[in-house]
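Q:
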Amino acid sequence: MSKSKLLSKRTKQLLSDPLDDNNPITVQVLGICSALAITVQLKPAIVMALSVLVVLSVANVIISLMRKVIPSRIRIIVQLVVVATLVILVDQVLRAFVYDVSKELSVFVGLIITNCIIMGRLEAFGMANGPWDSFMDGLGNSFGYAWILIAVAFFRELLGSGTLFGYPVLESLGIYELGYENNGMMILPPMALITVGVIIWIQRVKNIKLVESK
Amino acid sequence: MDVNKNSTTFGFTVIMVIIVAALLSTAAIELKPFQDRNVELEKKQNILSSVGVTIDRDGAENIYDTYIKSELVLNVKGEQVEGSAFDVDLGVEMKKDANAQLLPLFISNVEGVTRYIIPLRGKGLWGPIWGFISLEEDLNSVFGAVFDHKSETPGLGAEINRPSFEDPFSGKSIFEGEEFTSIKVIKGGAEEGDMHGVDGISGGTITSDGVSDMLDERLRMYLPYFSTLKPAAEVDSVFNTLVSLASVKIQ
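If you read the sequences in order, they're chains E and U.
Read the first sequence against this note's numbering and you will find it ends at 226, with the numbers running on by one and no gaps.
Read the second sequence against this note's numbering and you will find it ends at 252, with the numbers running on by one and no gaps.
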């Protein structure tokens with residue numbers, strides 16, 4: 013495969029589109045469930061983003077390779093089986109060889125299967141495109157998912173617990189002495205939704221073409 | 002080939018299921034020994050950590066026997082019975098009738114100090130929680146506690162395995178005079194000087210309550226055994242006091 017094909021304009025777009033114009037969370041409003049569930053702290057959010065990256069790009073390639081032989085009536089089931097198998101395999105391998113990471117992931121591994129972004133990309137992209145493009149699409153969407161997740165987790169951990177990666181940032185800056193207190197609301201799920209909402213708002217102010225015409 | 006024929010659909014499903022089943026069961030069987038080993042080492046690491054010996058998982062194996070001097074299996078009457086305490090699975094025991102349960106107990110000796118380590122197991126919000134609590138020789142003061150969980154909410158209930166939650170247990174006591182009080186995890190924070198309470202976790206109340214219930218339920222099971230040891234412990238402390246008095250006089 014020539015270099016021009018590897019990073020053509022189209023593949024670049026596959027990578028960059030989901031970061032802004034076609035973001036899976038803020039524009040397509042998929043994967044909201046995990047954006048609420050695991051953004052209390054930064055570390056789990058990053059681990060989740062990495063896991064989704066692996067599962068989504070590999071599953072997209074597998075589905076893309078099989079797309080011509082999958083009977084259309086059972087395609088959703090096939091996609092689900094591919095994703096679930098991958099997730100279980102990853103979980104088993106992690107538990108055997110990198111036990112600490114697997115403990116960190118704990119419940120998220122199961123959550124990956126239910127991530128609507130994965131099923132959405134397999135159905136919308138993997139089923140209709142070649143393996144390389146599907147891989148790129150998987151990467152692009154994972155990055156789009158990852159940056160929202162990390163941004164939300166950053167604000168929730170900082171404002172809710174006063175820490176980042178567990179390190180007491182606000183305490184070491186001496187903010188508490190000025191009478192500041194952590195906002196306990198930030199660690200509860202509703203604030204994740206509101207934080208995502210604020211991100212969507214900012215994004216639409218900056219990116220006017222996302223705003224629907226009246 | 003028309004992939005949408007009924008026969009092709011059936012054929013595809015059968016082949017897919019067989020491949021996936023074979024793949025997953027092979028992976029599960031091949032990886033099981035590695036996974037079991039990790040769990041065993043982690044248990045040793047947790048037991049050691051409850052008596053203040055911090056070591057990484059791989060190192061736990063080597064020093065476990067140095068510090069853990071005896072492992073007892075007790076029945077509910079507090080009598081010692083045959084068996085290997087390390088292999089007693091509390092998850093299995095707790096499904097048995099309360100009178101038929103086996104109670105594992107580990108006794109450690111770190112730098113000459115004897116401590117009793119009691120394994121714990123209970124229910125959190127989403128799944129099991131477990132841990133180890135170590136008592137000083139007086140069978141009243143807590144030396145340390147470690148907790149862990151299967152699937153508590155990250156950042157909330159899952160915080161029970163953090164030092165910020167575990168450390169305050171140290172120095173608390175499980176008896177008020179002669180009465181067993183256990184240690185409660187208190188929503189909104191324990192009052193200063195409360196010897197039987199520690200701070201709960203904001204947003205993790207159900208897990209915190211699970212820890213309280215677990216401590217009460219499991220420690221209570223050991224009371225008969227404690228009462229067999231207590232007189233001896235008291236005699237020891239009286240003896241020690243006499244010895245120290247005597248040495249003061251000699252000086």
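Just so you know, even glycine gets a beta-carbon here, dropped at the ideal spot from N, CA and C.
#1: Determine the direct distance from the alpha carbon of G178 of chain E to that of K33 of chain U, and round the result to whole angstroms.
#2: With a CB to CB cut of under 7 Å and the five nearest residues on each side skipped, what residues in its chain are close to I69 of chain U?
#3: Is there at least one Cβ from chain E nearer than 9 Å to A29 of chain U's Cβ?
#4: So P56 of chain E and P155 of chain U are in contact, right, with Cβ under 8 Å, and what is the actual spacing, rounded?
#5: Enumerate, from N- to C-terminal direction, the unbroken beta strand (DSSP E) stretches of 3 or more residues contained entirely within the segment 107-156 of chain U.
#6: Got a sec: does the ligand MN put a non-hydrogen atom nearer than 8 Å to the Cβ of K21 of chain E?
#7: Please look up how many angstroms separate the CB atoms of G145 of chain U and G60 of chain U, rounded, as I've assumed it's under 8 Å.
#8: Around the C-beta of Y117 of chain U, are 16 or more other C-beta atoms found within 10 angstroms, so that it is buried, or is it exposed?
#9: R219 of chain U and P120 of chain U - do their beta-carbons sit closer together than 9 Å?
#10: Can you check which of these residues, U:V212, U:G204, U:K185 and U:D139, is closest to S228 of chain U by C-alpha distance?
#11: List the residues that DSSP assigns as beta-bridge partners of Y179 of chain E.
#12: With a cut-off of 9 Å, does the C-beta of L49 of chain U fall near any C-beta of chain E?
#13: Between which two residues does the beta strand (DSSP E) containing K33 of chain U stretch?
#14: Assuming A140 of chain E contacts L98 of chain E (C-beta within less than 8 Å), just tell me the rounded distance between them.
#15: Looking at the C-beta of Y111 of chain E, does it have a partner C-beta in chain U at a distance below 9 Å?
#16: State buried or exposed for K78 of chain U, treating a residue as buried only when at least 16 other CB atoms are found within 10 Å of its CB.
#17: Kindly indicate the opening and closing residues of the beta strand (DSSP E) around K70 of chain U.
#18: Cα-Cα, which of E:E169, E:V217 and E:D145 is closest to L77 of chain E?
#19: Would you verify that the beta carbon of V208 of chain E is, or is not, closer than 9 Å to some beta carbon of chain U?
#20: Do F170 of chain U and I202 of chain U have their beta-carbon atoms positioned less than 9 Å apart in this structure?
#21: Given a limit of 8 Å on CB to CB distance, which residues of the segment 69-83 of chain E reach chain U?
#22: Residues of chain U with a CB under 7 Å from the CB of R87 of chain E: which are they?
A: Short version:
#1: Along the second sequence, one-based indexing puts residue 33 of chain U at 32. Along the first sequence, one-based indexing puts residue 178 of chain E at 166. Cα to Cα, K33 of chain U sits roughly 32 Å from G178 of chain E.
#2: Position 68 of the second sequence, counting from 1, holds the residue named residue 69 of chain U. Only I48, F107 and S109 meet the Cβ criterion.
#3: Position 28 of the second sequence, counting from 1, holds the residue named residue 29 of chain U. Yes, because at least one Cβ of chain E sits closer than 9 Å to the Cβ of A29 of chain U.
#4: Within the first sequence, residue 56 of chain E is the residue found at index 44, counting from 1. Within the second sequence, residue 155 of chain U is the residue found at index 154, counting from 1. Confirmed, Cβ separation roughly 5 Å.
#5: 114-124, 129-136 and 143-150
#6: Inclusion of the ligand MN in the displayed structure is not the case, the ligand content being empty and no account of it being possible.
#7: Here residue 145 of chain U refers to the residue found at position 144 of the second sequence. Here residue 60 of chain U refers to the residue found at position 59 of the second sequence. In fact, because the Cβ distance is near 18 Å, the residues do not count as touching under 8 Å.
#8: In the second sequence, counting from the first residue as 1, residue 117 of chain U sits at position 116. It counts as buried.
#9: In the second sequence, counting from the first residue as 1, residue 120 of chain U sits at position 119. In the second sequence, counting from the first residue as 1, residue 219 of chain U sits at position 218. Cβ distance < 9 Å, so P120 of chain U and R219 of chain U count as in contact.
#10: As a first step, residue 228 of chain U is located in the second sequence; it is residue number 227 there, counting from the start. Taking only the C-alpha atoms, the option nearest S228 of chain U is U:D139.
#11: Taking the first residue of the first sequence as 1, we reach residue 179 of chain E at position 167. Beta-bridge pairing links Y179 of chain E to E:L176.
#12: For the purposes of this step, residue 49 of chain U is taken as the residue at position 48 of the second sequence. No, its Cβ sits nowhere closer than 9 Å to a Cβ of chain E.
#13: As a working note, residue 33 of chain U is residue 32 in the second sequence. First-last for K33 of chain U: N7 to S51, but that is the alpha helix (DSSP H), not the beta strand (DSSP E).
#14: For the purposes of this step, residue 140 of chain E is taken as the residue at position 128 of the first sequence. For the purposes of this step, residue 98 of chain E is taken as the residue at position 86 of the first sequence. Their Cβ separation, rounded to whole angstroms, is 20 Å, which puts A140 of chain E and L98 of chain E out of contact at 8 Å.
#15: Within the first sequence, residue 111 of chain E is the residue found at index 99, counting from 1. Output row for Y111 of chain E: interface = yes.
#16: Locating residue 78 of chain U in the second sequence gives position 77, where the first residue counts as 1. The C-beta of K78 of chain U has fewer than 16 other C-beta atoms within 10 Å across all chains shown, which makes the residue exposed.
#17: Here residue 70 of chain U refers to the residue found at position 69 of the second sequence. Run containing K70 of chain U: I69 to L75, per the beta strand (DSSP E) assignment.
#18: Numbered from its first residue, the first sequence carries residue 77 of chain E at position 65. Of E:E169, E:V217 and E:D145, the residue nearest in Cα terms is E:D145.
#19: Numbered from its first residue, the first sequence carries residue 208 of chain E at position 196. So no, V208 of chain E is outside the interface.
#20: Numbered from 1 along the second sequence, position 201 holds the residue referred to as residue 202 of chain U. Numbered from 1 along the second sequence, position 169 holds the residue referred to as residue 170 of chain U. Against a cut-off of 9 Å, the Cβ pair of F170 of chain U and I202 of chain U comes out as no contact.
#21: K80, V81, I82 and P83
#22: Taking the first residue of the first sequence as 1, we reach residue 87 of chain E at position 75. Within 7 Å Cβ-Cβ: nothing; R87 of chain E doesn't reach chain U, min ~10 Å.
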